Each structure stands twice: as structure tokens, then as C-alpha cells.
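Q: In my numbering, the protein residues as written are 113 to 470.
#1: Can you give me the C-alpha to C-alpha distance between residue 230 and residue 206, rounded to a whole angstrom?
#2: Can you tell me which of 305, 311, 257, 304 puts its alpha carbon nearest to the alpha carbon of residue 287?
#3: Measuring only the C-alpha atoms, how far is residue 270 from residue 235?
#4: Using CA atoms only, rank isn't needed, just tell me which of 216, 260, 326 is closest to residue 283.
#5: How long is the line joining the alpha carbons of residue 220 and residue 214, rounded to whole angstroms?
#6: Could you tell me the boundaries of the beta strand (DSSP E) in which residue 462 lies?
#7: If you follow the beta strand (DSSP E) that residue 235 is part of, which residue opens it and which one closes it?
#8: According to the Cβ coordinates, are residue 322 and residue 411 closer than 8 Å?
#9: Are the stretch 307 to 320 and the stretch 365 to 381 touching, with three or more C-beta to C-beta distances below 8 Å?
#10: Closer than 7 Å by C-beta to residue 232: which residues in its own chain qualify, once you throw out the five before and the five after it? Chain order, please.
#11: Give the DSSP-derived three-state secondary structure of residue 316 in the structure shown.
#12: Among the candidates 367, 444, 216, whose CA atom is the shortest distance from the CA of residue 336?
#13: Closer than 8 Å by C-beta to residue 355: which residues in its own chain qualify, once you throw out the five before and the five after it? Chain order, please.
#14: So is residue 69 buried or exposed if we call it buried at 16+ other beta carbons inside 10 Å?
#15: So what does DSSP say about residue 325, is it helix, strand or coil?
#16: Cβ of residue 251 within 8 Å of Cβ of residue 390?
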């Protein structure tokens, strides 16, 4: 099973849910590129890899020109240093631009031989037959929406004047190209957002806002009863060869089997799964998981827990990893609240196992 990251971002030093992330500089900006020696260039792999494979034969605009485009091709302040083995088609596929656009912008011959170390200017915008916008679907993250269109998250942020923000809202319409100069993303006012299930002190405001928006979305949907929630978790556990008692115990301690619970660190629903963790779990199961949907939430939590049980030294460490993140547990040890969580889950799971045997 593919390892699934489970760390819930948290404010220092609590180590749980809500950790602020520092935005990476764009490695394609010309100053960054030209100032870096060829052997130590920043790599595109610094960005999260796209969730979908890039298929050259079906990529955007590989046969369309740009001369007749309503917006002429221009240099958008990004560049790429050619590596050994690159050709024009592979470079165009890598950045989702057309071959004619690269030829036109860089004044290349129609069948150029690219030299290792050569710097190519990249077009300002995609030349694509695809949509110019996309509406955020249930369960989408910035990464999943960008991957759906073979874009980097940074491209979507730029096109929508988001700055460093990674917050997207279910149902909103996002631009897929452009500078963001005309973007006017409407955000709900603070009075429209419900409170969360725990104190917000110490959590990044951006994370808290995302959590409150997600809770508003949850409360607008039908929520399962505790009995229905238990059935959903049990079914997901059996489908993934996990003992139902352990999965139900995790959900009981995390949310009390109430799907409407959202933490200030944006851990959502029955299994308290963050959107990022659900996106990673989606790759493990081979389909998109909507963290706001109770059945998908149960599946995401079960997949994460199963992965941890395979990777951790024992059950207690796996449960600690579910709460705090396995890398953190191994690096600094479980925090006091993590130890309490793992102990409470094990006590409850043991009790349910005993009831099953009797």
C-alpha cells in the first residue's frame, strides 16, 4: 500500500493540526534560474508532483499555433534550463504549453536541437483547448484541482491572486490562467461561518478560516446518526482488512462519531481527516475521496490507519502517528495529549473486542 502522509498541521509546540506552511519560491522565475549554477538548479520536483500523468499525445495545445490567438504569446517571467535528454515536445508537455508557442517565443527553428544548459523562455499563458475556469468540487484541494488541469498549485494561486493562500471553497469558480489582476474571489463574511469544536487560540488564522468554511459545508449536508456512522466505519474497515473495533474506537475518541465536528486545525468529520490527508489517501485507493462525505471520510481514515499499522513498530505507535504524525512521533516522541489519545483508543477497542467475543 502506498504510504499516506498523516501529519495534522499544528501550532508549535502542541504538534497537532494547523501547522503553517512556508510558501516556496517559484523555481521557474528568471532571477532564480539565472542565479543558480547548472549543477544546483532548483528542480520542478520541489513542487508536489501532479496527481495525474502527463500524456504528451493528449496534452494541451501541442498542435495549435499562437499567431492567431487573441492574446499573443509573450514571456511571462518564467524560464527553463534545458537538461540532457530534453526535446521541444517533452519541455512543452512538462509545462503544459504548445510547441509552436515555445518556437515562436524563443525564435527557434521548427526542428530545433536543444542544448543542455540552454535557457528557454516559457509563455505567459497556456495555449489550450481546455476550460479557462473550473468550479471547486466537493473534496477538492488546491493540489488536486491543479493536477486535474496539469497545472502547478502555484499557477492556480497566481491566476486567482491568492498569494500564499491555499484555501479554496467548494462551489467557487477559479481561473486556470492569467495574472490574477482581475480576480475578485468572494469569500464568506465572518458572521456567516459557524464556530468550531475547540478553542482556536494558537492556530493559523488561514487554517481556522478554512476549518470554519468546511464546517459550514458539513452542516448544510445531511449528517449520519451515530449508528449510521458506526456502520459506515465498520464497512470501510472490513473493505480494507482492518479490525472494525480499532477504526470505530479511533472515530469515537476523535469525533464522538459526530460527522459535523471540525477542529481548528481543519481536521474534519468522523475520522478527523484533513483535506490534505484525504487527498493522499485518494491516491492509495485509486479514486477521489470527498472528506466532507461521511463514507469517504471513513474510508480515508481507515486507509490512513491501515498504512500506519503497516509502517509503525506497534499499534500504540500507529495510533500516536494518526494523532500527531508518525514522523513527528519517531523524531520527538509522542506528546502528552498524543499518549492519552492512543491509550483511550486502545482501551475502547479492547472493550469492543471483548464484547464481540462474549
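Every residue gets a Cβ at the ideal spot worked out from N, C-alpha and C, and that includes glycine. Remember, it's a predicted structure, so these values are computed and weren't measured experimentally.
A: Considering the structure as presented:
#1: When rounded, the distance between both Cα atoms is 16 Å.
#2: That would be 257, whose Cα lies nearest to the Cα of residue 287.
#3: Using only the alpha carbons, I get a separation of about 15 Å.
#4: For the residues 216, 260, 326, the minimum Cα distance to residue 283 belongs to 326.
#5: Their Cα atoms are separated by approximately 8 Å.
#6: Element bounds for residue 462: not the beta strand (DSSP E) but the alpha helix (DSSP H), 448 to 469.
#7: Here the beta strand (DSSP E) through residue 235 covers 231 to 235.
#8: Cβ atoms of residue 322 and residue 411: not closer than 8 Å.
#9: These segments touch.
#10: For residue 232, the CB contacts under 7 Å within the same chain, skipping 5 residues up- and downstream, are 191, 192, 194, 203, 214, 218 in chain order.
#11: Reduced to three states, the DSSP call for residue 316 is coil.
#12: If we check each option's Cα against that of residue 336, 367 comes out closest.
#13: Leaving aside the five residues that flank residue 355 on each side, the residues in its chain whose CB is nearer than 8 Å to its CB run, in chain order, 349, 461, 465.
#14: Residue 69 lies beyond the stretch modelled for the chain, which goes from 113 to 470, so this question has no answer here.
#15: In this structure, residue 325 counts as helix in the three-state DSSP scheme.
#16: Remark: C-beta atoms of residue 251 and residue 390 approach each other more closely than 8 Å.
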